[in-house]
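*Asks:*
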Ligand SMILES: [Fe+2]
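As structure tokens, this is what we get:
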């Protein structure tokens, strides 16, 4: 799998794809993707897939035609790494490399200060106040121009919300249709807290230019961690009435994080799995900000919540992609990925499965705590990087789209549609091709949940071409593929933005340098 995890060159000029098949004429817009894609500077290499520096890339679909471009996000991690030819900051799985330019005494004293944090954001995007930010499991939000991929500004919850003492924000906030965004952010103190943060939309359309992204951000609920330190988490659930937070027994040791530089540890080195502890679910009422119930379950690990909703019988349903423990993270170390065969890479790791947990809402007969241990129902196996029709976020829904292994042992190399009612699966697979997270685009005027298309960037290996794949979401059959004459990265997350080139054009044009204006025209 060496080919899939090599540094990918950027494609700064738009290239036109060769189209096979037909993309429905109502599909127009930009599929914006974020990927870890630069894995070394000089002789220094990152160690983990999640460490790679962010390559922003876009598939632009206009009137049935597709074009593509990509550019590295010019963060200080990227710029300093390029200048100094070394991996400057600690990343998820890589320790900080000591600065060879510092003399031995300066280096010795620098060990006693906590490491300056990376500003690499190679995981996802979030729109706040009408602006688009690349983000990751970090309080850093890099504002980008989605057409040129220029880094415009940086928001940092740690400094911009100073009184909240935030040190962490997970990579999957929820965006509401009114422009509000909900994050979960960890704050530190005597005991870590999980804070649910509401970021309001811009007060008026013309305030987009003047309001800072985290302006008006407010902690609307806060839950104390079970122990002193925070768990590692990557997403959370939301319904119209509740937030759902899962605290897995995978703790980030804050003391070790402070000593990372001295001990030459990565963030992952500071995380510890405790198999004796359960996983805990916190049910938090949005209106009053109170944690109304906690539940325990047999310990498990999860990156991704799929969806959550309230049933009329007083139950909150929570669907997640789960593993028995956090060892799956070890699979993503680059030395393992690069040195493994496609069908053997996940051989010694558990496959992801979609579990449904039912949380009884406390009331007359249901206590707030000490409920019986939660059991779960398996909705289906082999689904990761889950997506849904986002109109159904927080609502009762039926279909999950994701990637999964073709067979046990494989890397994520097929696309899956899982029917949560019938438990039937539809799949798309081509040998030695690696599809990205499938993004659902709803047909205008659609009534059925799966009336639309699925788009996914597919990385071809072994001489196979890379392409943007378009599937009919209902039948999960191929409508078109647009062959991209560039190498694609193995990406993590992204979004389809139908009105990018129309609504936002004027706003971003104002921020461009004259030279960039010419280039973009
Ligand atoms: Fe994710």
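In the numbering used here, the protein residues as written are 48 to 568.
Heads up, the beta-carbon is just placed ideally off N, CA and C, and yes, glycines get one too.
Since the model is a prediction, treat every value here as computed from it, not as a measurement.
Restricting to Cα atoms, I'd like to know which of 260, 262 and 484 is closest to residue 430.
*Replies:* Nearest of 260, 262 and 484 to residue 430, Cα basis: 484.
*Asks:* I want to check one thing, is the minimum distance from the CB of residue 218 to the heavy atoms of ligand 1 below 7 Å?
*Replies:* Yes, ligand 1 has a heavy atom inside 7 Å of this Cβ.
*Asks:* To the nearest angstrom, report how far apart residue 329 and residue 111 are at their CA atoms.
*Replies:* Approximately 46 Å, taken between the alpha carbons.
*Asks:* Quick one: is residue 335 buried, meaning 16 or more other Cβ sit within 10 Å of its Cβ, or exposed?
*Replies:* Exposed, by the Cβ-count rule.
*Asks:* Here's a check: name, in chain order, each residue in its chain whose Cβ is nearer than 8 Å to the Cβ of residue 568, leaving out the five neighbours to either side.
*Replies:* Interpretation of residue 568 is limited by its pLDDT of 45, a score under 50 that renders its predicted location unreliable; the figure taken from the coordinates is listed afterwards. Answer for residue 568: no residue qualifies.
*Asks:* Rounded to a whole number of angstroms, what is the C-alpha to C-alpha distance between residue 356 and residue 284?
*Replies:* Looking at the two C-alpha atoms, the distance is approximately 9 Å.
*Asks:* Relative to the alpha-carbon of residue 87, which residue among 97, 81 and 394 has its alpha-carbon at the smallest distance?
*Replies:* Checked all of 97, 81 and 394; the closest Cα to residue 87 is 97.
*Asks:* Whose C-alpha, out of 300, 228 and 287, is nearest the C-alpha of residue 266?
*Replies:* That would be 228, whose Cα lies nearest to the Cα of residue 266.
*Asks:* Can you tell me whether residue 496 is buried or exposed, with buried defined as 16 or more other CB within 10 angstroms of its CB?
*Replies:* Residue 496 should be labelled buried.
*Asks:* Give, in chain order, every unbroken run of the beta strand (DSSP E) that is at least 3 residues long and sits entirely within the region 323 to 351.
*Replies:* You should have 326 to 332 and 338 to 344.
*Asks:* Have a look at 257, 139, 413 and 52 and flag the residue whose alpha-carbon is nearest the alpha-carbon of residue 299.
*Replies:* Comparing Cα-Cα distances from residue 299 to each of 257, 139, 413 and 52, the minimum goes to 139.
*Asks:* With 16 as the cutoff for other CB atoms within 10 Å, does residue 425 come out buried or exposed?
*Replies:* That one is exposed.
*Asks:* Across which residues does DSSP place residue 402 in a beta bridge pair?
*Replies:* Looking at the DSSP assignment, residue 402 forms a beta bridge with 367 and 425.
*Asks:* Less than 7 Å between the CB of residue 201 and some heavy atom of ligand 1, yes or no?
*Replies:* No, since every heavy atom of ligand 1 falls outside the 7 Å radius drawn around the Cβ of residue 201.
*Asks:* Give every residue of the same chain whose Cβ lies closer than 7 Å to the Cβ of residue 205, excluding the five residues on either side of it in the sequence, and list them in chain order.
*Replies:* 186, 213 and 214, listed in sequence order.
*Asks:* According to DSSP, is residue 204 part of a helix, a strand, or is it coil?
*Replies:* In the structure shown, residue 204 sits in a helix (DSSP, three-state: H, G or I).
*Asks:* When burial is assigned at 16 or more other CB atoms within 10 Å of the CB, is residue 468 buried or exposed?
*Replies:* It is exposed - the Cβ of residue 468 has fewer than 16 other Cβ atoms within 10 Å.
*Asks:* Just verifying my parser: in three-state terms, what is the DSSP assignment at residue 234?
*Replies:* Three-state DSSP puts residue 234 in a strand.
*Asks:* Within the present structure, is the beta-carbon of residue 170 separated from the nearest heavy atom of ligand 1 by less than 7 Å?
*Replies:* True, at least one ligand heavy atom lies under 7 Å from that Cβ.
*Asks:* Counting Cβ pairs closer than 8 Å, one from the region 120 to 133 and one from the region 89 to 104, do we hit at least three?
*Replies:* At 8 Å Cβ cutoff, the stretches touch.
*Asks:* In terms of residue numbering, what span does the alpha helix (DSSP H) encompassing residue 385 cover?
*Replies:* Run containing residue 385: 381 to 386, per the alpha helix (DSSP H) assignment.
*Asks:* Taking residue 245 as the reference, give the member of 433, 232 and 337 with the closest Cα.
*Replies:* Considering only alpha carbons, the answer is 232.
*Asks:* Pull up the DSSP beta-bridge partners for residue 198, would you.
*Replies:* Answer is 191, bridged to residue 198.
*Asks:* Regarding residue 539 and ligand 1, is the C-beta to nearest heavy atom distance less than 7 Å?
*Replies:* Yes, the Cβ of residue 539 comes within 7 Å of a heavy atom of ligand 1.
*Asks:* Under DSSP, the alpha helix (DSSP H) around residue 130 begins and ends at which residues?
*Replies:* Segment 123 to 131, the alpha helix (DSSP H) holding residue 130.
*Asks:* In the DSSP assignment, the beta strand (DSSP E) including residue 107 goes from what residue to what residue?
*Replies:* Here the beta strand (DSSP E) through residue 107 covers 100 to 109.
*Asks:* For residue 84 and residue 76, what's the separation of their Cα atoms in angstroms?
*Replies:* Answer to the nearest angstrom: the Cα atoms are 24 Å apart.
*Asks:* Pick helix, strand or coil for residue 210, following the three-state DSSP scheme.
*Replies:* Three-state result, residue 210: helix.
*Asks:* Which whole-angstrom value describes the C-beta separation of residue 79 and residue 193, a residue pair presumed to lie in contact below a C-beta threshold of 8 Å?
*Replies:* Indeed, because the Cβ distance is near 6 Å, the residues count as touching under 8 Å.
*Asks:* What's the gap between the Cα of residue 198 and the Cα of residue 121?
*Replies:* About 6 Å.
*Asks:* Could you pull the start and end residues of the alpha helix (DSSP H) that residue 301 belongs to?
*Replies:* Counting along the chain, the alpha helix (DSSP H) containing residue 301 begins and ends at 301 to 305.
*Asks:* Considering only residues of the same chain and omitting the five flanking positions on each side of residue 489, which have a CB-CB separation below 8 Å?
*Replies:* Around residue 489: 436, 438, 498 and 499.
*Asks:* Using three-state DSSP, classify residue 568 as helix, strand or coil.
*Replies:* Summary for residue 568: the model assigns pLDDT 45, below 50, so the residue's position carries little reliability; its value from the coordinates is reported in the next sentence. Residue 568: coil per DSSP, three-state reduction.
*Asks:* Whose C-alpha, out of 143, 462 and 487, is nearest the C-alpha of residue 308?
*Replies:* Residue 308 has its Cα closest to that of 143, out of 143, 462 and 487.
*Asks:* Between residue 221 and ligand 1, is the CB less than 7 Å from at least one heavy atom?
*Replies:* No - ligand 1 has no heavy atom lying nearer than 7 Å to the Cβ of residue 221.
*Asks:* Relative to the C-alpha of residue 243, which candidate in 221, 260 and 257 has its C-alpha closest?
*Replies:* Closest option to residue 243, Cα to Cα, is 221.
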